[in-house]
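Numbering-wise, the working numbering comes out as the position in the sequence shown, counting from 1, plus 5. Every residue gets a Cβ at the ideal spot worked out from N, C-alpha and C, and that includes glycine. Scroll down for the structure; my scribbles are underneath it.
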Amino acid sequence: MNLASYACDSALSRGRRIPELVAPTRSDFQRDRDRIVHSTAFRRLVYKTQVFLNHEGDLFRTRLTHSLEVAQLGRSIARTLRLNEDLVEAIALAHDLGHTPYGHAGQDALNACLKQHNPHSAGFEHNLQSLRVVDTLEERYPQFDGLNLAFETREGILKHCSRRNARHIDAREPGGVARRFVDQTGADPVWRQPSLEAQLANLADEIAYNAHDMDDGVRSGLLSLEQLEDVPLFSRFRRETLGVHPALGGRRLLFETIRRMLSAQVYDVIDATGLALQAAAPADVDAVRQHPALVCFSSQMAMESASLKGFLLQNLYRHPQVVRTTQAAQQVVRDLFEVYLSDPAQMPQAHLDRFGGPAAAPATAAKPERIVADYIAGMTDRFATKEHERLKGHAIFT
Ligand code: MG
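Set out below in structure tokens:
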């Protein structure tokens, strides 16, 4: 890999929490990517909701196909910018590992349950949960909990974090992955951003979901091609497509429009980020961390992307049909939380073992409500639905 000086070089990694020997044929970031792909949490992504619930159709994006699309976009931009492709891929594949079943609806419900149960609770944040999965919750290796990933991969996974949770993490790991979310007054140097690879995985996430949610929205019948004409980015590339293929219609017109839109966004990020890097000329990764975000769209594309996002929020994520399933999903999560908390024996033994006593590993010991939240967060849509039916005696999705 011909890396730029400001890219993350695995040979200069800040390392793993528990030191390990370097693998003979793979870099640390390749190894992280491989550990993520082999994890249980990764396999669960295939049955977790992106926007449409898993049982609503076989062709909609799931968290797994979404994560693969993010990795694809991230890698191709990284290669051109001479960033570390393996690191971008590892972050992209892990970025959604902490998502609950039923997408954002599940997360909101779980967050509300935790806060209702204990007003002082730190609540539920999916980025932090992704970090918990790779740091603690995966149980595969004899020597450590979690996957023991490299600092740079973990830094990228913790995309957002409340200040309060950041303080907790920073107390355990001073100057570590949560440092940039802690109030850094007086700190030297001040960390504003993660690596360019992490910034890129983040922007690739946005590019991917904006595009595929349009596609899934039309596939579901909740969005029409006519409606999408109101979105400047879409109408521009639809016109461009029709200019070249005047007879094109239906699905192929939709796909070709989205394909052109995606590729324009990729080139836009490459150009705008290239200019930003030229102007800032960061000497190395630490200089990148001290600089405001460098991976970016041009201002025109940023505006168009924001307007597409606003359109999807109004017309798809808040569509009455999506909201209806959202409410049912939230009911499932609330019911599961209540049942497990009052009758923990309904959970499998491995989760009961975390409740304390001599069998509990100190690293994974946690409050009962957190153990319940971890269990629910790990569920796939269909497992949560089945489990709800078993415990409540009726089906909630009809
Ligand atoms: Mg995502």
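- request: From the DSSP output, read off the bridge partner residues of Thr-67.
  value: The sequence position of residue 67 within the sequence shown is 62, counting from 1. In the DSSP output, where bridge partners are listed per residue, Thr-67 has Thr-54.
query: Counting Cβ pairs closer than 8 Å, one from the region 124 to 143 and one from the region 377 to 390, do we hit at least three?
result: yes
- prompt: Buried or exposed: which applies to Ala-171, given that a residue is buried once 16 or more other Cβ atoms fall within 10 Å of its Cβ?
  reply: Here the question's residue 171 lines up with position 166 in the sequence shown. Ala-171 comes out buried.
Rounded distance between the beta-carbons of Gly-248 and Pro-199, thought under 8 Å: Here residue 199 refers to the residue found at position 194 of the sequence shown. Here residue 248 refers to the residue found at position 243 of the sequence shown. Contact flag wrong, Cβ pair sits at about 40 Å.
message: Residues in the same chain with beta-carbon distance under 8 Å from Asn-116, minus the five sequence neighbours each way, listed in chain order, please.
response: Residue 116 sits at position 111 when you count from the first residue of the sequence shown. So the qualifying residues of the chain are Gly-128, Phe-129 and Glu-130.
- prompt: Which parts of the region 310 to 387 are runs of the beta strand (DSSP E), unbroken and 3 residues or longer, counting only runs that do not cross its ends?
  reply: none
query: What is the rounded straight-line gap between the Cα of Arg-40 and the Cα of Asp-150?
result: Numbered from 1 along the sequence shown, position 35 holds the residue referred to as residue 40. Numbered from 1 along the sequence shown, position 145 holds the residue referred to as residue 150. Approximately 13 Å, taken between the alpha carbons.
- prompt: Identify the residues that DSSP records as bridge partners of Ala-171: which are they?
  reply: Walking along the sequence shown from the start, residue 171 turns up at place 166. Answer by DSSP bridge pairing: none, since Ala-171 is not bridged.
query: Mind checking Arg-395: buried by the 16 CB within 10 Å criterion, or exposed?
result: The count along the sequence shown starts at 1 and reaches residue 395 at position 390. When all chains shown are included, Arg-395 counts as exposed.
message: By the DSSP assignment, the alpha helix (DSSP H) with Ser-18 in it spans what residues?
response: Numbered from its first residue, the sequence shown carries residue 18 at position 13. That residue, Ser-18, is in no alpha helix (DSSP H); it is neither H nor E in DSSP.
message: So if DSSP puts Ala-155 in a beta bridge, which residue, or which two residues, is it bridged to?
response: Here residue 155 refers to the residue found at position 150 when the sequence shown is read from its first residue. DSSP, once it has assigned bridges, lists Arg-21 as partnering Ala-155.
- prompt: How close, in whole Å, do the beta carbons of Pro-106 and Thr-54 come, if the pair is a contact with beta carbons under 8 Å?
  reply: Within the sequence shown, numbered from 1, the residue matching residue 106 stands at position 101. Within the sequence shown, numbered from 1, the residue matching residue 54 stands at position 49. Contact holds; Cβ gap of about 7 Å.
- prompt: Cβ atoms of Arg-224 and Phe-65: under 8 Å apart, would you say?
  reply: On the sequence shown, residue 65 is found 60 positions in, with the first residue counted as 1. On the sequence shown, residue 224 is found 219 positions in, with the first residue counted as 1. Closer than 8 Å, so yes.
field: Residues surrounding the ligand MG [beta-carbon distance to nearest heavy atom under 5 Å]
entry: Asp-101 and Asp-210
query: First and last residue of the alpha helix (DSSP H) that includes Val-42?
result: Residue numbering aside, residue 42 sits at position 37 when the sequence shown is read from its first letter. Residues 33 to 42.
- request: Answer with buried or exposed for Met-352, where buried requires no fewer than 16 other C-beta atoms within 10 angstroms of its C-beta.
  value: Translated into the one-based positions of the sequence shown, residue 352 becomes position 347. Buried: at least 16 other Cβ atoms inside 10 Å.
message: Using only the alpha-carbon positions, how far apart do Pro-325 and Gly-255 sit?
response: Numbered from its first residue, the sequence shown carries residue 325 at position 320. Numbered from its first residue, the sequence shown carries residue 255 at position 250. Roughly 25 Å between the two C-alpha positions.
query: By a C-beta neighbour count over all protein chains shown, 10 Å radius and 16 as the cutoff for buried, is Ala-99 buried or exposed?
result: What you label residue 99 is simply residue 94 of the sequence shown in a count that begins at 1. Ala-99 comes out buried.
field: Leu-205 and Leu-88 closer than 8 Å at C-beta
entry: Taking the first residue of the sequence shown as position 1, residue 205 is located at position 200. Taking the first residue of the sequence shown as position 1, residue 88 is located at position 83. Yes.
Integer Cβ distance of Val-51 from Leu-102, believed to fall under 8 Å: The residue labelled residue 51 in the question sits at position 46 within the sequence shown. The residue labelled residue 102 in the question sits at position 97 within the sequence shown. Not confirmed; about 12 Å, so no contact.
task: Please confirm if the region 190 to 199 is in contact with the region 287 to 298, defined as three or more CB-CB distances below 8 Å between the two stretches.
output: yes
query: Can you tell me whether Pro-363 is buried or exposed, with buried defined as 16 or more other CB within 10 angstroms of its CB?
result: What you label residue 363 is simply residue 358 of the sequence shown in a count that begins at 1. Because Pro-363 carries a pLDDT of 47, less than 50, the predicted location of this residue cannot be relied on, and no value is offered for it.
message: Under 8 Å: do the region 328 to 346 and the region 228 to 236 share three or more Cβ pairs, one atom per stretch?
response: no
query: When the Cα atoms are used, what is the spatial distance from Asp-413 to Val-338?
result: Absent from the model: residue 413. The displayed extent of the chain is 6 to 403, so no value can be given.
- request: Check Val-138 in the structure and name its three-state DSSP category.
  value: Position 133 of the sequence shown, counted from the start, is the residue given in the question as residue 138. Here Val-138 sits in helix by DSSP.
- prompt: CA-CA distance, Pro-29 and Gln-35?
  reply: To locate residue 29, count along the sequence shown from 1; it is residue 24. To locate residue 35, count along the sequence shown from 1; it is residue 30. Those two C-alpha atoms are separated by around 12 Å.
Distance CB(Gln-335)-CB(Asp-113) smaller than 8 Å: On the sequence shown, position 330 is the one that residue 335 refers to. On the sequence shown, position 108 is the one that residue 113 refers to. Result yes, Cβ atoms of Gln-335 and Asp-113 sit closer than 8 Å.
field: Helix, strand or coil at Thr-190 according to DSSP, with G and I counted as helix
entry: Here residue 190 refers to the residue found at position 185 of the sequence shown. Correct three-state label for Thr-190: coil.
message: Are the CB atoms of Lys-397 and Asp-340 within a distance shorter than 8 Å?
response: For the purposes of this step, residue 340 is taken as the residue at position 335 of the sequence shown. For the purposes of this step, residue 397 is taken as the residue at position 392 of the sequence shown. Yes, they are a contact pair.
message: Just to confirm the assignment: which complete alpha helix (DSSP H) runs, minimum length 4, are found wholly within the region 213 to 295?
response: 230 to 233, 237 to 249, 255 to 285 and 290 to 295
task: Provide the residue span of the alpha helix (DSSP H) that contains Glu-94, from first to last.
output: Locating residue 94 in the sequence shown gives position 89, where the first residue counts as 1. Unbroken alpha helix (DSSP H) run through Glu-94: 90 to 99.
message: Quick check: what's the CA-CA separation for Gly-383 versus Gly-226?
response: Residue 383 sits at position 378 when you count from the first residue of the sequence shown. Residue 226 sits at position 221 when you count from the first residue of the sequence shown. In a straight line, the C-alpha of Gly-383 is about 30 Å away from that of Gly-226.
message: Just to confirm my understanding: we take Ala-155, look at its own chain, exclude 5 residues before and 5 after, and list those with CB closer than 6 Å. What are they?
response: Residue 155 sits at position 150 when you count from the first residue of the sequence shown. Hits under 6 Å: Ser-18, Arg-21, Asp-33 and Asp-37.
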